[in-house]
Amino acid sequence: VQLQASGGGLVQAGGSLRLSCAASGSIFSVDFMAWHRQAPGKQRELVAFISSGGSTNYADSVKDRFTISKDNAKNTVYLQMDSLKPEDTAVYYCGIAMRGSSRYYWGQGTLVTVSS
237 VQLQASGGGL VQAGGSLRLS CAASGSIFSV DFMAWHRQAP GKQRELVAFI SSGGSTNYAD
297 SVKDRFTISK DNAKNTVYLQ MDSLKPEDTA VYYCGIAMRG SSRYYWGQGT LVTVSS
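Counting in our numbering, the sequence shown runs from 237 upward without gaps.
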């Protein structure tokens, strides 16, 4: 399974970005897809996830600003990020978990930098 993330970049505070992550390879029964982030000097944290049925969950720090969505036909998960803040600056990673497998697959990360 390979995950290709894209969409990161430099944006001013208050701006928006949309991240994409396309999964390919042996994709069978997807349990959930998620976005994580890791800021410099900090641990990686879960930002949002979306289940196979479409249920979503967000970290408190991004609620009402970020929206996770997916396209099942394309095995792609998106993260729409609005009202960005400098503290959102991080490398963003996508991940996928599949039913019947204990392995969690990671994408390569895409850098988001929010300037003040």
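The C-beta atom is built at its ideal place from N, Cα and C for all residues, glycine as well. Remember, predicted model here, so these are calculated numbers, not experimental data.
{"Check": "Just to confirm before moving on: does the CB-CB distance between Tyr341 and Trp271 stay below 8 Å?", "Outcome": "no"}
{"Check": "Per DSSP, Met310 forms a beta bridge with which residues?", "Outcome": "Per the sequence presented here, residue 310 reads as Lys, with Met not at that position. DSSP, once it has assigned bridges, lists no residue as partnering Lys310."}
{"Check": "Determine which residues share a DSSP beta bridge with Arg273 and list them.", "Outcome": "Glu281, Tyr328"}
{"Check": "What residues match up with Ile263 in a beta bridge as DSSP calls it?", "Outcome": "Partner(s): none; Ile263 has no beta bridge."}
{"Check": "Rank Asp267, Asn311, Leu282, Leu253 by C-alpha distance to the C-alpha of Asp296 and give the top, closest one.", "Outcome": "Leu282"}
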